[in-house]
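Below is one structure; the comments refer to it alone.
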Amino acid sequence: MTDALVTTAAFDALLGALADDGRRVIGPRVRDGAVVLDDLDGVADLPVGWADEQSPGRYRLRRRDDDAHFGFTTPSTSWKPFLHPAREVVFRARLDGAGFEVTPPDAPEPLAFIGVRACDLAGIAVQDRVLGGGRFVDAGYAARRSDVFVVAADCGESGPTCFCGSMGTGPTATTGFDLAVGERLGDEPRFFVRIGSARGAALLERVEHTPATEADRADARAAAARAVAGQSRSVAAGEVAGLLARNLEHPRWDEVAERCLACTNCTLVCPTCFCTSVEDSVDLAGTEAVRSRRWDSCFTLDFTALGGAPVRGSVRSRYRQWLTHKLSTWQDQFGELGCVGCGRCLTWCPVGIDLTEEVAAIGATDGAENPGGTPS
Amino acid sequence: MADPVAVTLDADPMVPVPYEVVARRALSDDTTSLTLAPAGPRLADARPGQFFMLWAPGVGEIPISLGVAGPGGQVEESIRAVGAVSRALSATPVGGRIGLRGPFGTSWDLDAAVGRHLLLVAGGVGLVPLRPAVLDAVERASDFRGIGVVVGARTPGDLLFQDELTDWGERPGVQVVTTVDHADRAWHGHVGVVTEVLDLVDLDPARTTAMVCGPEVMMRFVAQALDGRGVPLADVQLSLERNMKCAIGHCGHCQIGGGFVCLDGPVVAADRALPLLQVRER
């Protein structure tokens, strides 16, 4: 068996089974006017009957005219906070006058992710390679990541900011999940469940399910095709790395720097941005030091501080660093692009900068130069 | 004699191990040398050009290049006090403990210079990472067609390791040239930047391996000058410096082009490094 149909009640039981196994079950739910990722007690906590409207610099929820559980596109945040937390303790150290004694952080709790979009699965896979695939493995990331149970949710619709089709990351999950669900609405709502692993199959056996038919598979394929067809934005993934590499002095960098606030929003919502800073704090008695790691962003001035001055002082150079890393040098470094086409950096940019538009603008005047940028 | 302390190989690369300050000496007004001995398990031996992360407990951590490796896992590290962490490290008394992680990064490739002219060019505290390579080289001077050591500093007082510079210069086959930006009354040597005295070193450009460490602008000009003289850039090794928080390729701060200075550097051949350094604010 590679796939099956389950009812909403059975899907709820499936979430319950994951919780019974001691997992913290996390998925999309509505909070503060947005679809966020948080703890779920059951399918009723999912954004039932909600859709999102996303465009550059804009995010709204609206009511759907059905009871879809996954009737939105990308959640406002990625899964990054659960695997690569915004703040985490690296170690604690007891200071005793001359020396110190280190204690490692506690072991993490096992997680289950419910409703991971294909673009976000690709984002997790990118971070796997950055934090766990090189010469050094991030111990905390590896501990959280190794055991995550992943239930993917295939997209039947795309939003205006989606461009997974051109990045080759979606809209259908192809790897990296234990189970993947596609939602079939109508008089007899069902979840079409694909099995991605042995433990996924074992979990499915614990809830009521019926065999899927060729018609169900055809429905799922048709939904994926509709989702891709609905995407209006794209990046020429095969050409963008070379394009940006040969346009480091393009005047468009000056132009976008006029709009970019260097607020770091794009890097925070990005599922692949991994940069961190490490900080020390000491209690008032001076006997316990905590070394913690927090997200950092290449948009901050401090990020490249060297001998009291930043290497990348201008917004032009910081935006260029971010975009060329995502879409060019990431390829040199990790053998793939660092963008998965989720579109969050468009939506959550307060001034609506659209990276697909920036790439297109550079492509339209490939080779134009303004070396060193405009003096400020 | 068997080594008394075990080498830690399986430790978490983000967790420092304690080292004790067993000796300290001032090298200049702002630069201090600490001799550190493992206070427990010792780290693996570093090669010249590699670096450690030095942790001032409760204050913070900075990358410091290997100074000189001593017996029993001891390392001598030279620190210029410029910020909160380097000041705290510099102030650690004998008997005090600091944390070390590493060694990390690439090293000077001295073997690439065997049978060739070896040119070592340092600016300011750039002599610190180069010094272990110089010390190795002068001990095996006959391996090379000639060794040139060019050292620049802001003032005569900023010239580090002056006794050693004198000692190296007295050895056969070793030529030492020093220069300062600003002379004082006692200085009778060269005044000016290192590129102005590079030509004083005898070398055959096509058969020269160079190692350069100093401020980025200095390394850029030295690499360009050597290139102009006919030394292939692939034979010029530079030691890059960037902000660093983790040293294991995870924090992103030292990203330059398609690499991390902590993993792909700090020592990088100039044919790769120079194009990166020539783009402003890269």
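Protein chains in written order, with this note's numbering: chain A, 29 to 404; chain B, 786 to 1067. The C-beta atom is built at its ideal place from N, Cα and C for all residues, glycine as well. Owing to the predicted nature of the structure, the values given are computational and were not obtained by experimental measurement.
Residues sharing a beta bridge with residue i, DSSP
{"i": "Glu316(A)", "result": "Arg122(A)"}
{"i": "Cys303(A)", "result": "In DSSP, Cys303(A) forms no bridge with anything."}
{"i": "Asp998(B)", "result": "The question names Asp, but residue 998(B) is Cys in the sequence shown. Cys998(B) pairs with Ala907(B)."}
{"i": "Asp80(A)", "result": "Leu89(A)"}
{"i": "Ala337(A)", "result": "Leu334(A)"}
{"i": "Trp323(A)", "result": "Thr304(A)"}
{"i": "Ser220(A)", "result": "A quick correction: the sequence has Phe, not Ser, at residue 220(A). Phe220(A) pairs with Leu33(A) and Gly210(A)."}
{"i": "Thr238(A)", "result": "Leu33(A)"}
{"i": "Phe1045(B)", "result": "Gln1040(B)"}
{"i": "Asp67(A)", "result": "Ile54(A)"}
{"i": "Gly127(A)", "result": "Asp124(A)"}
{"i": "Thr993(B)", "result": "His902(B)"}
Extent of the continuous alpha helix (DSSP H) run through residue i
{"i": "Ser871(B)", "result": "Ala869 to Ser875"}
{"i": "Pro1060(B)", "result": "Ala1055 to Leu1062"}
{"i": "Arg916(B)", "result": "Leu912 to Glu924"}
{"i": "Val158(A)", "result": "Ala146 to Gly160"}
{"i": "Asp282(A)", "result": "Arg280 to Arg287"}
{"i": "Ile390(A)", "result": "Leu383 to Ala392"}
{"i": "Gln6(A)", "result": "Since the first residue shown for chain A is 29 and the last is 404, residue 6(A) is missing from the structure and cannot be characterised."}
{"i": "Leu885(B)", "result": "Premise fails: Leu885(B) lies in the beta strand (DSSP E), Arg882 to Phe889, not in any alpha helix (DSSP H)."}
{"i": "Phe100(A)", "result": "Premise fails: Phe100(A) is in no alpha helix (DSSP H) and is neither H nor E."}
{"i": "Ser194(A)", "result": "Cys192 to Met195"}
{"i": "Leu111(A)", "result": "Lys108 to Leu111"}
{"i": "Arg172(A)", "result": "Ala167 to Arg173"}
{"i": "Cys373(A)", "result": "Arg372 to Thr375"}
{"i": "Asn293(A)", "result": "Asn293 to Val297"}
Residue range of the beta strand (DSSP E) that includes residue i
{"i": "Arg865(B)", "result": "Val860 to Arg865"}
{"i": "Gly767(B)", "result": "Since the first and last residues shown for chain B are 786 and 1067, residue 767(B) lies out of range."}
{"i": "Ala471(A)", "result": "This structure does not reach residue 471(A), given that chain A is present from 29 up to 404, and the question cannot be answered."}
{"i": "Met1029(B)", "result": "No beta strand (DSSP E) holds Met1029(B); DSSP gives it neither H nor E."}
{"i": "Trp1068(B)", "result": "In this structure chain B extends from 786 to 1067, so residue 1068(B) is not present and cannot be described."}
{"i": "Ser850(B)", "result": "Gly845 to Ser850"}
{"i": "Leu231(A)", "result": "Note, Leu231(A): premise wrong, no beta strand (DSSP E); alpha helix (DSSP H) at Ala226 to Glu233."}
{"i": "Val961(B)", "result": "Val959 to Val965"}
{"i": "Asp360(A)", "result": "From DSSP, Asp360(A) is part of no beta strand (DSSP E) but of the alpha helix (DSSP H) over Trp358 to Phe362."}
{"i": "Gly407(A)", "result": "Chain A is shown only over 29 to 404; residue 407(A) falls outside these bounds and no answer can be derived."}
{"i": "Arg809(B)", "result": "Val802 to Ala811"}
{"i": "Phe946(B)", "result": "Here Phe946(B) belongs to no beta strand (DSSP E), and DSSP marks it neither H nor E."}
{"i": "Ala938(B)", "result": "Gly931 to Ala938"}
{"i": "Ser1024(B)", "result": "Val1021 to Ser1024"}
{"i": "Ala822(B)", "result": "Thr816 to Pro823"}
Presumed contact (8 angstroms Cβ cut-off) between residue i and residue j, rounded CB distance
{"i": "Asp943(B)", "j": "Ser813(B)", "result": "6 angstroms"}
{"i": "Arg287(A)", "j": "Phe119(A)", "result": "In fact, because the Cβ distance is near 41 angstroms, the residues do not count as touching under 8 angstroms."}
{"i": "Phe98(A)", "j": "Ala181(A)", "result": "5 angstroms"}
{"i": "Asp979(B)", "j": "Thr964(B)", "result": "The sequence shown places Val at residue 979(B), rather than the Asp named in the question. Their Cβ separation, rounded to whole angstroms, is 6 angstroms, which keeps Val979(B) and Thr964(B) in contact under 8 angstroms."}
{"i": "Val935(B)", "j": "Leu983(B)", "result": "6 angstroms"}
{"i": "Thr187(A)", "j": "Asp80(A)", "result": "First, the amino acid is wrong: residue 187(A) is Gly here, not Thr. Correct: roughly 7 angstroms between the Cβ atoms."}
{"i": "Ile847(B)", "j": "Ser871(B)", "result": "6 angstroms"}
{"i": "Val235(A)", "j": "Leu42(A)", "result": "5 angstroms"}
{"i": "Leu422(A)", "j": "Ala265(A)", "result": "Outside the shown range of chain A, which is 29 to 404, sits residue 422(A), and nothing can be said about it."}
{"i": "Pro941(B)", "j": "Ala968(B)", "result": "7 angstroms"}
beta-carbon residue i near the ligand ATP non-hydrogen atom, thresh 6 angstroms
{"i": "Cys192(A)", "result": "In the structure on display, the ligand ATP does not appear, and there are no ligands present to speak of."}
Where the region 343-359 of chain A meets chain B: residues whose CB sits under 7 angstroms from a CB there: Ser345, His353 and Thr357
Contact list for the region 279-311 of chain A against chain C, Cβ threshold 7 angstroms: This model lacks chain C altogether, as its protein chains are A and B.
The region 148-159 of chain A touching the region 43-54 of chain A, judged by at least three CB pairs closer than 8 angstroms: no
Against chain A: residues of the region 822-849 of chain B by CB proximity under 9 angstroms: Ala824, Trp840, Ala841, Pro842, Gly843, Val844, Gly845 and Glu846
Meets three-Cβ-pair contact criterion under 8 angstroms: the region 101-108 of chain A and the region 119-137 of chain A: no
Chain A contacts made by the region 1032-1065 of chain B, where a contact means CB separation under 7 angstroms: Ile1033, Gly1034, His1035, Cys1036, Gly1037, His1038, Gln1040, Gly1042, Gly1043, Gly1044, Leu1048, Val1064 and Arg1065
Short-range partners of chain A found in the region 977-988 of chain B, where Cβ spacing is below 9 angstroms: none
Members of the region 993-1005 of chain B that neighbour chain A once the beta carbon cut-off is set at 9 angstroms: Pro1000 and Glu1001
The region 330-341 of chain A in contact with the region 1026-1035 of chain B per 3-pair CB rule at 8 angstroms: yes
Sufficient close CB pairs (3 or more, under 8 angstroms) joining the region 851-864 of chain B to the region 804-824 of chain B: yes
Interface residues of the region 113-136 of chain A facing chain B [CB-CB below 8 angstroms]: Val118, Phe119, Ala121, Leu123, Ala126, Gly127, Phe128, Val130 and Pro132
Inter-stretch contact (C-beta, 8 angstroms, three-pair minimum) for the region 159-173 of chain A and the region 211-228 of chain A: no
Chain B contacts from the region 152-169 of chain A (Cβ-Cβ distance under 8 angstroms): Val158, Leu159, Gly162, Arg163, Phe164, Asp166 and Ala167
Contacting positions in the region 257-274 of chain A - beta carbon closer than 7 angstroms to chain B: none
Touch test, the region 305-323 of chain A against the region 374-389 of chain A, Cβ-Cβ under 8 angstroms, three pairs minimum: no
Three or more C-beta pairs below 8 angstroms linking the region 232-251 of chain A and the region 199-214 of chain A: yes
Stretch pair the region 268-275 of chain A + the region 797-809 of chain B: three plus CB contacts closer than 8 angstroms: no
The region 829-841 of chain B in contact with the region 869-888 of chain B per 3-pair CB rule at 8 angstroms: yes
The region 341-354 of chain A touching the region 1050-1067 of chain B, judged by at least three CB pairs closer than 8 angstroms: yes
Contact residues within the region 793-820 of chain B, judged by C-beta distance below 9 angstroms to chain A: Asp797, Pro798, Met799, Val800, Pro801, Val802, Pro803 and Glu805
Stretch pair the region 1004-1016 of chain B + the region 1050-1064 of chain B: three plus CB contacts closer than 8 angstroms: yes
Where the region 1015-1027 of chain B meets chain A: residues whose CB sits under 7 angstroms from a CB there: Glu1026 and Arg1027
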